[in-house]
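J.: The structure under discussion is supplied below as structure tokens; questions concerning it will follow.
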DNA sequence: GTGAAAGCGCTAACAC
DNA sequence: GTGTTAGCGCTTTCAC
């Protein structure tokens with residue numbers, strides 16, 4: 001769509017052949033120094049840049065990565081994307097993004113759209129719907145077509161590809177233990193991710209911590225939020241039905257913020273009456289009142305690793321041993337615990 | 338990098354020529370029905386898809402849009418991006434993103450990287466540094482190279498291109514008036530965007546509203562935040578130096594959230610003692626306690642319009658009358674005003 | 001009804 | 001030291 005100068009035009013203006021110009025631009029030993037100088041001067045004058053599409057067609061590599069994420073409004077995904085972009089950019093890769101909006105159909109569409117030679121490989125995190133339906137034929141198809149893929153955070157264990165995850169179970173286990181060790185007697189778990197493996201793993205971590213703690217008196221109580229509108233009523237109900245709770249672990253900060261609102265309205269003190277630990281080190285948690293303690297998933301690192309692994313695989317496509325990188329999480333204690 | 342099937346392979350397997358296969362796939366009237374059926378069956382079997390790079394090279398259009406944004410962690414930009422992606426996707430366009438991190442050098446780099454035939458045009462919002470330095474040679478260069486460009490939100494008035502903006506001055510003016518009409522007597526303005534035109538416009542709107550309101554007793558007080566670390570001290574100082582303030586308008590919700598924290602710590606009541614209006618309808622404001630009143634910039638609409646305008650221009654590149662679309666904003670009154 | 005050939009912009013093997 | 005040619009995958013004009 002642009003009026004980029006081509007080798008052809010340079011060649012014509014200099015009365016040289018296209019290949020001479022091409023070689024001159026590469027400082028080929030075959031070419032006369034004068035010619036090289038002339039060619040490069042003109043190329044500079046016209047700001048010549050080799051056409052990327054032509055290069056791709058010739059080399060059969062696009063130097064671009066397809067990134068498919070469920071929801072760009074989620075801070076975690078934005079930050080992973082930032083990590084991917086940094087690393088990709090550093091290695092001369094561009095990134096094309098596609099938003100699945102947590103829908104299987106959009107995820108399939110994204111994969112199909114981009115597997116027409118637009119990208120060299122994919123980085124993706126599975127849509128909620130896809131994981132709820134345990135669908136993964138589309139992933140297999142893409143891999144069979146020869147596209148390397150790196151999954152992060154929400155991954156499909158049965159798919160043979162590289163992965164970058166956190167240890168969700170351990171993160172939740174540790175956070176729960178932290179609360180137990182700080183003398184919390186009744187700890188509730190609120191999850192908006194029960195359809196996802198990561199949600200299930202976090203719940204396991206929470207439940208195990210309770211089970212293994214001597215003298216913990218209650219059964220685990222897990223509240224499952226199926227969609228956005230349920231946050232408020234579920235939390236109101238929780239505070240009424242369990243007046244004796246003194247700590248809550250949530251799988252996302254939206255839940256934690258709703259909880260904060262509910263607790264403030266009831267006039268309870270945080271963290272004295274109720275402690276809270278959220279998930280994701282975002283603005284929401286840093287700027288809440290009181291500032292929310294959270295599990296930091298290290299999103300930047302996840303993105304960076306995902307990109308690095310994909311680029312590495314692109315270099316040596318033969319190797320078949322897929323790796324799963326586990327990125328360390330960190331409990332960030334602020335004012336709510 | 339993949340093993341996509343090509344026309345050549347299909348042709349070979351069917352003992353046909355490449356051009357026949359190509360035509361058959363397009364249901365050309367020239368081709369025998371049987372042949373068409375055979376070709377299409379095989380294409381389907383192998384999941385044939387025309388190679389995008391080849392198509393681009395041939396047609397001299399990539400069907401992709403380059404999007405350069407300052408900061409993906411900012412909810413506003415994420416949401417604009419979502420709007421762009423939706424609209425682009427609907428029209429068969431892909432999007433390549435590049436993050437400038439508010440740096441001029443990265444912005445220039447992004448433009449240079451993508452102007453090698455990778456994209457058909459650009460959508461961008463200017464980096465803080467770029468606007469602070471009033472630099473815009475790189476924009477002119479890109480436009481001269483024939484790339485259409487749509488700027489949104491942070492735009493350069495002197496650049497001839499399509500633009501999508503909001504009326505920042507009016508938005509701030511209206512919000513300030515709202516506070517005045519609700520009997521607020523001393524209204525402060527906090528800005529983290531004073532280096533940007535949009536920041537200046539908002540401040541003008543705020544100041545004008547005060548000036549034009551009969552009986553307003555104070556001079557405008559504008560607090561300028563130069564970087565993240567200044568929020569907390571500046572706000573602490575504000576609350577001490579002006580114990581009589583009863584309303585604040587901010588240019589971003591981070592400032593508003595810090596203010597909320599400061600006010601809570603002082604034990605003041607919101608909105609009784611102090612009213613607050615922030616900027617951007619994000620999670621932060623919805624989930625704050627109390628829920629923050631804000632000016633909603635309609636980010637989705639901005640993104641959608643930007644993409645639509647670019648795609649439109651790509652269709653008819655000749656027309657030279659550039660448009661500036663002003664998207665309507667809305668004051669969302671919640672619990673802090 | 002089918003195929004050959006040119007050309008998009010580039011690289012690289014191979015002449016001269 | 002420079003130029004010709006082929007080919008990446010595709011579309012399209014023109015021959016047969």
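Residue numbers (my numbering), protein chains in the order written: chain B, 1 to 337; chain R, 338 to 674.
A virtual CB, placed ideally from N, CA and C, is assigned to each residue, including glycine.
Computed from a prediction, not measured in an experiment: that's the story for all the values here.
#1: What does residue 626 of chain R touch in chain B if you count any residue whose Cβ is under 7 Å from its own?
#2: Under the DSSP definition of a beta bridge, which residues are partnered with residue 390 of chain R?
#3: Say whether chain B places a C-beta atom closer than 8 Å to the C-beta of residue 584 of chain R.
#4: For residue 406 of chain R and residue 96 of chain B, what's the separation of their Cα atoms in angstroms?
#5: In the DSSP assignment, find the alpha helix (DSSP H) that holds residue 631 of chain R and state where it starts and stops.
#6: Looking at residue 360 of chain R and residue 350 of chain R, is the spacing between their C-beta atoms short of 8 Å?
#7: Against chain B, with Cβ distances strictly below 8 Å, would residue 386 of chain R count as a contact?
#8: What did DSSP end up calling residue 594 of chain R once you bin it into helix, strand or coil?
#9: Determine the direct distance from the alpha carbon of residue 499 of chain R to that of residue 137 of chain B, and round the result to whole angstroms.
#10: Please compile the residues from chain R whose C-beta is within a distance smaller than 8 Å of the C-beta of residue 145 of chain B.
#11: Which chain B residues are close to residue 430 of chain R, counting only those with a beta carbon under 7 Å from its beta carbon?
#12: Any C-beta of chain B within less than 9 Å: which residues of the stretch 636-652 of chain R qualify?
#13: If contact is defined by three or more beta carbon pairs under 8 Å, each pair taking one atom from either stretch, is the stretch 167-177 of chain B in contact with the stretch 226-234 of chain B?
#14: I'd like to know whether the C-beta of residue 452 of chain R is nearer than 8 Å to at least one C-beta of chain B.
#15: Starting from residue 604 of chain R, follow the alpha helix (DSSP H) in both directions and report where the run begins and ends.
#16: Listing by chain order, which chain B residues have their CB less than 9 Å from the CB of residue 323 of chain R?
#17: How far does the alpha helix (DSSP H) with residue 14 of chain B in it extend, from its first residue to its last?
#18: Pick out whichever of B:258, B:48 and B:282 has its Cα sitting closest to the Cα of residue 452 of chain R.
#19: Since residue 675 of chain R is in the alpha helix (DSSP H), which residue starts that stretch and which ends it?
#20: So residue 450 of chain R is in the alpha helix (DSSP H); what residue range does that whole segment cover?
#21: Identify every run of the alpha helix (DSSP H) within the stretch 184-225 of chain B, keeping only runs that are complete inside it and at least 4 residues long; order them along the chain.
#22: So is residue 488 of chain R in contact with chain B if we call contact Cβ pairs under 8 Å?
#23: To which residues does DSSP link residue 144 of chain B through a beta bridge?
#24: For residue 195 of chain B, collect the residues of the same chain with a Cβ closer than 6 Å to its Cβ; drop the 5 residues on either side in sequence, then sort them by chain order.
#25: List, in chain order, every chain R residue whose beta-carbon is nearer than 8 Å to that of residue 85 of chain B.
#26: What are the boundary residues of the beta strand (DSSP E) that includes residue 458 of chain R?
#27: Taking C-alpha atoms, which residue in R:372, R:340 and R:341 lies nearest to residue 352 of chain R?
#28: Could you list the residues in the stretch 391-418 of chain R with a C-beta less than 8 Å from some C-beta on chain B, going in chain order?
#29: From the DSSP output, read off the bridge partner residues of residue 152 of chain B.
#30: So the beta strand (DSSP E) residue 330 of chain B belongs to, where does it begin and stop?
#31: Interface residues of chain B around residue 455 of chain R at Cβ under 7 Å?
#32: Throw me the rounded Cβ distance for the residue 679 of chain R and residue 562 of chain R pair, which I believe falls under 8 Å.
#33: Would you say residue 283 of chain B lies against chain R (beta-carbon separation less than 8 Å)?
#34: Quick check on the DSSP output: the beta strand (DSSP E) that includes residue 403 of chain R runs from which residue to which?
#35: Are residue 516 of chain R and residue 614 of chain R close, meaning C-beta to C-beta below 8 Å?
#36: Rounded to whole angstroms, what is the Cα-Cα separation between residue 153 of chain B and residue 327 of chain B?
T.: With the given structure in hand:
#1: The residue you call residue 626 of chain R lines up with position 289 of the second chain. For residue 626 of chain R, the residues of chain B that pass the 7 Å Cβ criterion are 260, 261, 264 and 289, in the order they occur in the chain.
#2: Position 53 of the second chain holds residue 390 of chain R. Beta bridge pairing from DSSP links residue 390 of chain R with no other residue.
#3: Mapped onto the second chain, residue 584 of chain R falls at position 247. Residue 584 of chain R has a beta carbon lying at 8 Å or more from every beta carbon in chain B.
#4: In the second chain, the residue the question calls residue 406 of chain R occupies position 69. In the first chain, the residue the question calls residue 96 of chain B occupies position 96. Using only the alpha carbons, I get a separation of about 14 Å.
#5: The count along the second chain starts at 1 and reaches residue 631 of chain R at position 294. First-last for residue 631 of chain R: 630-633, but that is the beta strand (DSSP E), not the alpha helix (DSSP H).
#6: In the second chain, the residue the question calls residue 350 of chain R occupies position 13. In the second chain, the residue the question calls residue 360 of chain R occupies position 23. Annotated as distal: residue 350 of chain R and residue 360 of chain R, with beta-carbon spacing of 8 Å or more.
#7: If you number the second chain from 1, residue 386 of chain R lands on position 49. By this cut-off, residue 386 of chain R is an interface position.
#8: On the second chain, residue 594 of chain R is found 257 positions in, with the first residue counted as 1. In the structure shown, residue 594 of chain R falls within a helical segment according to DSSP collapsed to helix, strand and coil.
#9: Stepping through the first chain from its first residue, residue 137 of chain B is reached at position 137. Stepping through the second chain from its first residue, residue 499 of chain R is reached at position 162. Cα to Cα, residue 137 of chain B sits roughly 43 Å from residue 499 of chain R.
#10: As a working mapping, residue 145 of chain B is identified with position 145 in the first chain. Within chain R, the residues near residue 145 of chain B are 339, 340, 341 and 384.
#11: Counted from its first residue, the second chain places residue 430 of chain R at position 93. Correct list: empty, because the minimum Cβ distance to chain B is about 10 Å.
#12: Considering only beta carbons, the part of the stretch 636-652 of chain R lying closer than 9 Å to chain B consists of 651, in chain order.
#13: Fewer than three beta-carbon pairs drawn from the stretch 226-234 of chain B and the stretch 167-177 of chain B are found closer than 8 Å, and the two stretches are therefore not classed as touching.
#14: Taking the first residue of the second chain as 1, we reach residue 452 of chain R at position 115. Yes - at least one Cβ of chain B is within 8 Å of the one on residue 452 of chain R.
#15: Within the second chain, numbered from 1, the residue matching residue 604 of chain R stands at position 267. Looking at the DSSP string, residue 604 of chain R is not in any alpha helix (DSSP H), and its letter there is neither H nor E.
#16: Here chain R comprises residues numbered 338 to 674, so residue 323 of chain R is not present and cannot be evaluated.
#17: Position 14 of the first chain, counted from the first residue, corresponds to residue 14 of chain B. For residue 14 of chain B, the enclosing alpha helix (DSSP H) has its first and last residue at 7-14.
#18: Along the second chain, one-based indexing puts residue 452 of chain R at 115. Of B:258, B:48 and B:282, the residue nearest in Cα terms is B:48.
#19: In the structure as shown, chain R begins at 338 and stops at 674. Residue 675 of chain R is therefore absent and cannot be evaluated.
#20: On the second chain, position 113 is the one that residue 450 of chain R refers to. Run containing residue 450 of chain R: 441-451, per the alpha helix (DSSP H) assignment.
#21: Whole alpha helix (DSSP H) segments, 4+ residues: 197-212.
#22: Here residue 488 of chain R is taken as the residue at index 151 of the second chain, counted from 1. For residue 488 of chain R, the nearest beta carbon of chain B is not closer than 8 Å to its own beta carbon.
#23: Translated into the one-based positions of the first chain, residue 144 of chain B becomes position 144. Residue 144 of chain B is not bridged to any residue.
#24: Stepping through the first chain from its first residue, residue 195 of chain B is reached at position 195. Only 128 and 132 meet the Cβ criterion.
#25: The residue given as residue 85 of chain B occupies position 85 in the first chain. Under the 8 Å cutoff, chain R gives 409, 434, 435 and 436.
#26: To locate residue 458 of chain R, count along the second chain from 1; it is residue 121. For residue 458 of chain R, the enclosing beta strand (DSSP E) begins and ends at 458-461.
#27: Counting from 1 along the second chain, the entry for residue 352 of chain R is found at position 15. Comparing Cα positions, the closest option is R:372.
#28: Going along the stretch 391-418 of chain R in chain order, one finds 391, 393, 394, 397, 398, 399, 401, 409, 410, 412, 415, 416 and 418 with a Cβ nearer than 8 Å to chain B.
#29: Here residue 152 of chain B refers to the residue found at position 152 of the first chain. DSSP lists B:164 as partners of residue 152 of chain B.
#30: Counting from one through the first chain, the residue named residue 330 of chain B turns up at place 330. Residues 330-332.
#31: Residue numbering aside, residue 455 of chain R sits at position 118 when the second chain is read from its first letter. In chain order: 52 and 94.
#32: The shown model of chain R, from 338 to 674, leaves out residue 679 of chain R, and the question about it has no answer.
#33: Sequence index remark: in the first chain, residue 283 of chain B carries index 283 (1-based). It does; some Cβ of chain R falls within 8 Å.
#34: Here residue 403 of chain R corresponds to residue number 66 of the second chain, with the count starting at 1. For residue 403 of chain R, the uninterrupted beta strand (DSSP E) segment begins and ends at 401-406.
#35: Reading the second chain from its first residue, position 179 is the one you call residue 516 of chain R. Reading the second chain from its first residue, position 277 is the one you call residue 614 of chain R. Yes, Cβ-Cβ distance for residue 516 of chain R and residue 614 of chain R is below 8 Å.
#36: As a working note, residue 153 of chain B is residue 153 in the first chain. As a working note, residue 327 of chain B is residue 327 in the first chain. The alpha-carbon separation between residue 153 of chain B and residue 327 of chain B amounts to approximately 10 Å.
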